[in-house]
Each structure stands twice: as C-alpha cells, then as structure tokens.
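Q: Be aware that the sequence shown starts at -19, since it is given in the numbering used here, and climbs by one per residue. Glycine residues also receive a C-beta, built at the ideal position from the N, C-alpha and C atoms.
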Amino acid sequence: AVVGMSLRNELRGKRSNPADWYKYMQQGAQAVHDANPNVLVIMSGLNYDADLKFLASKPVNLSFTNKIVYEMHWYSFTDGNAWEKMPVDTLCQTVTARINDHLAFVTKTLSPPAPLFIS
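Structural data, given as structure tokens:
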C-alpha cells in the first residue's frame, strides 16, 4: 500500500530558494492531495534536505491539514570532515543545535506541528 508521496528529493542549486519552494512545493502538495486524498505528502527542505528554517516565519498554506510530513537528510559528510577536527562531544552539541534550529522545530513550534521523517 502507498502511504505517502515525496514531492522532490534534496532540493539544491541556484533556484533552490524559499520563494520557489513555496510556489512549487505547495502546488505539488495540492496536486498529490487532489489525485489521492488518502496519502501523506512528504515535503523536503532546501540545501539537500538539511534546511526547513524558512518555515518558522511562514508555514505552508494548503487546502488540507494533517497530511504533511517534512523530510530531512543528515549525512556523515554533511559537515565535511568536522568529525576529524572537533572533539566529538562539541560537534554533537553543534549538530544537535543546528538540527533543532533548522529542522526539528517543525515537530514542536511550527503551526501546526508536523512529523519529521529522517532519512
């Protein structure tokens, strides 16, 4: 059974900006909902799915609710070779703070809060 559809994986490049994200991701989310109102809509962030911070000041505006799942990716190479240069406890604290600030806030302070799919 299909439970969800992801709109676009790892947005990046010159046209990867909040204005285009809102325009096209909201349009895509609405199209998925119109085609199948029973599936979840998975929305990826900017910068290889490592940034949803722009949603803190402007949540998505859709005709439906309680179906959006945000997605994030965090790789061992996301921070370059920082794992080799910093004490592990310091780097873990830095990465955790960045994830909370740029991504995980959608589960708590976004209005309305939404699930975060970590892959």
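Specify the secondary structure class of residue -16 as computed by DSSP and reduced to three states.
A: Walking along the sequence shown from the start, residue -16 turns up at place 4. DSSP places residue -16 in strand when its eight states are reduced to three.
Q: State yes or no: is the C-beta of residue 25 within less than 8 Å of the C-beta of residue 2?
A: The residue labelled residue 25 in the question sits at position 45 within the sequence shown. The residue labelled residue 2 in the question sits at position 22 within the sequence shown. The answer is no: Cβ separation not under 8 Å.
Q: Going by CA-CA distance only, name the one from 69, 35, 13 and -2 that's closest to residue 91.
A: As a position in the sequence shown, residue 91 is number 111, starting the count at 1. Comparing Cα-Cα distances from residue 91 to each of 69, 35, 13 and -2, the minimum goes to 35.
Q: If you draw a straight line from the C-alpha of residue 42 to the C-alpha of residue -2, how long is it?
A: Taking the sequence shown and counting its residues from 1, one reaches residue 42 at position 62. Taking the sequence shown and counting its residues from 1, one reaches residue -2 at position 18. When rounded, the distance between both Cα atoms is 16 Å.
Q: Assuming contact is defined by CB atoms lying nearer than 8 Å, are residue 47 and residue 83 in contact in what I supplied?
A: Within the sequence shown, residue 47 is the residue found at index 67, counting from 1. Within the sequence shown, residue 83 is the residue found at index 103, counting from 1. Not a contact, by the Cβ cut-off of 8 Å.
Q: Looking only at C-alpha atoms, which of 29, 37, 5 and 69 sits nearest to residue 54?
A: The residue you call residue 54 lines up with position 74 of the sequence shown. Residue 54 has its Cα closest to that of 29, out of 29, 37, 5 and 69.
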